[in-house]
Amino acid sequence: FTLFSQSRELGFDLLKDSLYKILKHASKFNDIEILIEPAHKFETDIIIFIEDSLRLLEEMNKPSLGIVLDTGHINVNKESFSDAVRLLGDHIKHIHIDDNHGYNDDHLIPGEGNINFEKVILDLKKINYKGFLTVELGFGYTIDPDKAVYQSLKYLNMIGIK
Numbered sequence: 001f002t003l004f005s006q007s008r009e010l011g012f013d014l015l016k017d018s019l020y021k022i023l024k025h026a027s028k029f030n031d032i033e034i035l036i037e038p039a040h041k042f043e044t045d046i047i048i049f050i051e052d053s054l055r056l057l058e059e060m061n062k063p064s065l066g067i068v069l070d071t072g073h074i075n076v077n078k079e080s081f082s083d084a085v086r087l088l089g090d091h092i093k094h095i096h097i098d099d100n101h102g103y104n105d106d107h108l109i110p111g112e113g114n115i116n117f118e119k120v121i122l123d124l125k126k127i128n129y130k131g132f133l134t135v136e137l138g139f140g141y142t143i144d145p146d147k148a149v150y151q152s153l154k155y156l157n158m159i160g161i162k
């Protein structure tokens, strides 16, 4: 969140200033990309929606700046994953796979919420996405993470992710 009653615009500008410094430092090394994950409306007020991500990418215009898309965040924000993929395209460098029912960022096992992951995969195929997919599970699975991981893998294999 922006701090001490700052405006959202000031928060956005401060984020850009910080990212310029980070990107400058990262440019000293080979093949380092800096990725921004649009959050959800209960986590932040700066980079939340698809349009916020597009604005940041356009205003900064840095090839080493990319996006991490989180299926759960998009669902909580009531946005379309299809729109996100279509609009952000090649800027998408990483995907967080997690499920919820659209109210809280629960980080459920894929298939336990209401996200249509078959459609997610079709959308990613449309842009020939070759980046990483990471299952991001919530704290509720820390007691027995192996079971949750295997259940996630089984579900993803069932819908065609190998």
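Here the sequence shown is numbered in UniProt numbering, starting from 1 and rising by one per residue. Built from N, CA and C at the ideal position, the CB exists for glycine as well. Here the structure is a predicted model, which means the values were calculated and not measured.
What span of residues does the alpha helix (DSSP H) with H94 cover, start to end?
Taken as a continuous stretch (DSSP letters only), H94 belongs to no alpha helix (DSSP H), being part of the beta strand (DSSP E) at 92-97.
Hey, how far is the Cα of G102 from the Cα of N75?
Their Cα atoms are separated by approximately 5 angstroms.
To the nearest angstrom, report how far apart E59 and R86 are at their CA atoms.
Answer to the nearest angstrom: the Cα atoms are 19 angstroms apart.
Where T142 and L65 are concerned, what is the direct C-alpha to C-alpha distance, given to the nearest angstrom?
Answer to the nearest angstrom: the Cα atoms are 32 angstroms apart.
Give, in chain order, every unbroken run of the alpha helix (DSSP H) that is at least 4 residues long and sits entirely within the region 30-117.
Segments of the alpha helix (DSSP H) lying fully in the region 30-117: 50-60, 71-76, 81-88.
Does DSSP put L133 in a helix, in a strand, or in coil?
L133 falls in the strand class under three-state DSSP.
For G11, which of helix, strand or coil comes out of DSSP?
Residue state, collapsed to three classes: helix.
Expressed to the nearest angstrom, what Euclidean distance is found between the alpha-carbon atoms of P110 and L156?
Rounded to whole angstroms, P110 to L156 spans 8 angstroms at the Cα level.
Which same chain residues end up closer than 8 angstroms to L15 when comparing Cβ atoms and leaving out the 5 residues on each side of it in sequence?
Around L15: I46, I47, L56.
Could you give the DSSP three-state label for N157: helix, strand or coil?
Three-state result, N157: helix.
Leaving out five residues on either side along the sequence, give the residues of the same chain with a beta carbon under 8 angstroms from the beta carbon of Q6.
Result list for Q6: L14, in chain order.
With 16 other CB atoms within 10 Å as the buried threshold, where does N100 fall?
Flag for N100 reads buried.
Going by Cα to Cα distance, which pick from E51, D31, N114, N61 is closest to G72?
G72 has its Cα closest to that of N114, out of E51, D31, N114, N61.
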